[in-house]
Structure formats: structure tokens, C-alpha cells
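Engineer:
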Amino acid sequence: MNIKTLLTRTASGIVYVSLIVSSILWGKEYFGVVFSLLAICTTYEFHKLTNKQDGVRVMPYLGALMSMLIMCSYNFGNMIGINLADISYIYLTILFVAMILDIFRQDYNPINNVAYLVFGQIYVALPFVGMAYLNNINKMLLLALFIVIWTNDTFAYLTGSMLGKHRMCERVSPKKSWEGFFGGLIGAIVVSVIFAKVTETIFSLGGWIGFAVVVVIFGTLGDLFESLIKRTVGVKDSGNIMPGHGGFLDRFDSVIFSIIPVIIYIFIYKKLFYNI
33 MNIKTLLTRT ASGIVYVSLI VSSILWGKEY FGVVFSLLAI CTTYEFHKLT
83 NKQDGVRVMP YLGALMSMLI MCSYNFGNMI GINLADISYI YLTILFVAMI
133 LDIFRQDYNP INNVAYLVFG QIYVALPFVG MAYLNNINKM LLLALFIVIW
183 TNDTFAYLTG SMLGKHRMCE RVSPKKSWEG FFGGLIGAIV VSVIFAKVTE
233 TIFSLGGWIG FAVVVVIFGT LGDLFESLIK RTVGVKDSGN IMPGHGGFLD
283 RFDSVIFSII PVIIYIFIYK KLFYNI
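Right, dumping it as C-alpha cells:
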């Protein structure tokens with residue numbers, strides 16, 4: 033990696049981290065705007081990516097529109113007077129319109145298109161709603177989720193580069209190793225211990241360590257799943273919005289896969305230790 037590439041990668045990484053951290057810390061309205069836009073862009077990118085497959089031609093703007101509706105209704109529903117029932121009707125209408133449009137697009141498989149449209153909502157949009165939900169519960173937990181993932185990625189890369197010999201899933205991601213996985217896990221646990229010392233949340237020290245384990249396991253699975261998608265369609269990066277870092281999916285793949293397990297972990301932890 034030459035100096036110019038390194039500087040570009042570093043600069044875009046700083047912008048990305050600053051955007052995420054500031055949106056979490058500066059209030060729900062700012063968070064709602066930023067993460068709604070991120071959900072829209074990530075969904076659009078996902079459909080552009082899957083459209084590279086033969087026989088799949090989802091209209092990306094429909095998926096983006098659906099993500100916009102669900103994110104805006106969750107973040108701003110009370111403010112603008114929209115409830116879940118209203119959004120459900122609009123959601124179903126968009127799906128109905130998509131099915132009608134696909135009837136007349138005879139060169140593609142309409143079942144595939146509708147299936148990918150729905151899957152885009154499950155894979156991308158709903159996890160972004162989960163991020164908004166966790167932000168409402170305790171924004172420090174959402175911030176910790178991102179920081180643990182970033183730490184895991186960094187330590188996994190460094191450890192894997194120096195010590196990696198045993199491949200985790202060579203068919204999907206040839207460079208990922210078990211040494212890198214455990215190196216990332218150790219780094220994530222260290223960061224979680226720091227969070228236990230400097231923040232006040234429902235978690236004890238053991239709870240924070242469990243949090244790190246859940247995030248690393250499912251974050252790694254999310255990374256592998258996105259690698260599988262990219263390998264299926266024959267691309268290296270999901271996009272090029274961030275120089276040196278790829279696209280939106282490349283940045284959010286681990287968060288997307290880990291957010292729901294983290295929320296479930298929080299519920300179980302509350303039930304076991306707080307009986308609430």
C-alpha cells in the first residue's frame with residue numbers, strides 16, 4: 033500500500049468514524065437523519081449489487097423507498113403523525129406495485145425480483161431499525177457496538193496478517209483465519225472492559241465481556257455473509273463510496289448481522305439479572 037492510498041484510506045476512515053460517533057452522541061434527530069440516509073443508501077447499494085446476478089433485476093429505488101419509510105416512521109413517526117399501520121399499508125402497496133411491474137418485465141424472473149426486494153428489507157432495513165431502537169434504549173451501547181466491531185476488525189487484520197495459518201472459511205473469504213478471529217476477540221474484550229470501567233449501563237464486567245463475544249461472533253458471520261454475496265456476483269467491494277474502504281455494505285456488514293443478536297442478548301441479560 034503506497035502513501036497516497038494509505039492517506040486516502042485514513043482520511044475516509046476518519047470521516048466515517050466521525051459521522052457515526054457524532055450522530056450517536058448529538059441527539060436523536062441528528063441520528064435519525066443520518067442513519068435513515070445510511071439505510072437508504074445501503075439498501076440501494078445492496079440491490080445494485082444483487083442485480084449483477086443473471087435473472088435478478090430488482091428496482092433499487094423501490095427498496096430504498098421502503099427503507100426510507102420504515103426508518104423515517106420509526107425515527108420521526110411521532111413528530112410527523114405517522115404510525116406503524118400507515119407504513120404497513122404503504123409497504124404492501126409498494127410490494128404490490130413491484131409485483132405488477134415485474135409481470136410486464138418478461139425478460140426477468142419476477143419471483144426472484146420480489147424475493148430479493150423483501151430480503152433487502154430483512155437484511156438491511158430492519159437491522160438499521162434495530163440500531164435506532166438500541167440508540168433509544170442506551171446510545172452508549174450502540175456506540176460500544178460500533179467501537180467493538182472496529183476494534184475487532186483492526187486486531188483481526190493485524191493478528192491474521194502476522195500469525196494467520198488456519199483458514200476460517202477459505203471458500204468464502206480466503207484471507208480470514210482463526211488466529212485473526214481470536215486476536216480480534218481479545219481486542220474486543222479489552223475495549224469492552226474499558227467500557228465497563230468508564231460507562232454506566234446495565235452490564236457488569238461479565239456482561240460486557242459477553243457483549244463483546246456476541247458482537248465478534250455475529251459480526252464475523254456478517255462479514256462472511258457479505259463476502260459470500262460479493263463472491264457470488266463477482267466483485268471485490270460492494271461499492272466505492274468510501275475510498276479505500278469500499279461501499280456502504282462493506283462498512284455495515286458486521287453491524288447488520290450483530291445488531292439483532294445484541295438486542296436479544298440485552299433482553300436476556302435484563303431478564304436474568306434485573307428481572308425486567
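Per my numbering, the very first residue in the sequence shown carries number 33; after that it's consecutive. The beta carbon of each residue, even a glycine, is placed where N, CA and C say it ideally should be.
(1) Could you tell me which residues DSSP pairs with residue 205 in its beta bridges?
(2) Which one of 250, 102, 180, 127 has the shortest CA to CA distance from residue 117?
(3) Considering just the uninterrupted stretch of the alpha helix (DSSP H) at residue 318, what are its terminal residues?
(4) Considering only residues of the same chain and omitting the five flanking positions on each side of residue 5, which have a CB-CB separation below 6 Å?
(5) Provide the residue span of the alpha helix (DSSP H) that contains residue 218, from first to last.
(6) Using a Cβ-Cβ cut-off of 8 Å (strictly less than) and excluding sequence neighbours within five positions of residue 35, which residues of its own chain qualify?
(7) Using a Cβ-Cβ cutoff of less than 6 Å, which residues in the same chain neighbour residue 308 once the five nearest sequence positions on both sides are dropped?
(8) If we call anything under 8 Å between Cβ atoms a contact, is residue 106 one with residue 147?
(9) Tell me residue 274's beta-bridge partners as DSSP assigns them.
(10) State the DSSP-derived secondary structure class of residue 59, mapped to helix, strand or coil.
(11) Between which two residues does the alpha helix (DSSP H) carrying residue 243 extend?
(12) Write down the C-beta distance between residue 75 and residue 99 rounded to the nearest angstrom, noting that I regard them as a contact closer than 8 Å.
(13) Excluding five sequence neighbours on each side, which residues of the same chain lie with their C-beta closer than 8 Å to the C-beta of residue 142?
(14) Sort 231, 94, 234 by Cα distance to residue 123 and report the nearest one.
(15) What is the DSSP secondary structure of residue 80, counted as helix, strand or coil?
(16) Between the Cα of residue 249 and those of 149, 90, 185, 226, spot the shortest distance and give me the residue it belongs to.
Structural biologist: In this structure, then:
(1) In the sequence shown, the residue the question calls residue 205 occupies position 173. Within the DSSP bridge table, the entry for residue 205 names 201 as partners.
(2) Stepping through the sequence shown from its first residue, residue 117 is reached at position 85. With distances taken between Cα atoms, residue 117 lies closest to 102.
(3) Missing from the structure shown is residue 318; the chain here goes from 33 to 308 and no further.
(4) In the structure displayed, the chain extends from 33 to 308; residue 5 sits before or after that span and is not available.
(5) Here residue 218 refers to the residue found at position 186 when the sequence shown is read from its first residue. Residues 210–230.
(6) As a working note, residue 35 is residue 3 in the sequence shown. Nothing meets the Cβ criterion.
(7) In the sequence shown, residue 308 corresponds to position 276, counting from 1. Per-residue confidence for residue 308 stands at a pLDDT of 48, beneath the threshold of 50, marking its modelled position as unreliable; no derived number is given.
(8) Your numbering for residue 106 matches position 74 in the sequence shown. Your numbering for residue 147 matches position 115 in the sequence shown. Not closer than 8 Å, so no.
(9) As a first step, residue 274 is located in the sequence shown; it is residue number 242 there, counting from the start. Note: residue 274 is bridge-paired with 278 in the DSSP secondary-structure output.
(10) For this step, residue 59 is matched to residue 27 along the sequence shown. In the displayed model, residue 59 falls within coil according to three-state DSSP, outside both helix and strand.
(11) Against the sequence shown, residue 243 aligns to sequence position 211. Residue 243 -> alpha helix (DSSP H) spans 237–265.
(12) As a working mapping, residue 75 is identified with position 43 in the sequence shown. As a working mapping, residue 99 is identified with position 67 in the sequence shown. Yes, they are in contact, since the Cβ atoms of residue 75 and residue 99 sit about 4 Å apart, within 8 Å.
(13) In the sequence shown, residue 142 corresponds to position 110, counting from 1. Hits under 8 Å: 131, 134, 135.
(14) Looking up residue 123 in the sequence shown gives position 91. Taking each of 231, 94, 234 in turn and checking the Cα distance to residue 123, the smallest one comes out for 94.
(15) Residue mapping note: residue 80 aligns to position 48 of the sequence shown, counting from 1. Residue 80 falls in the helix class under three-state DSSP.
(16) The residue given as residue 249 occupies position 217 in the sequence shown. It is 185.
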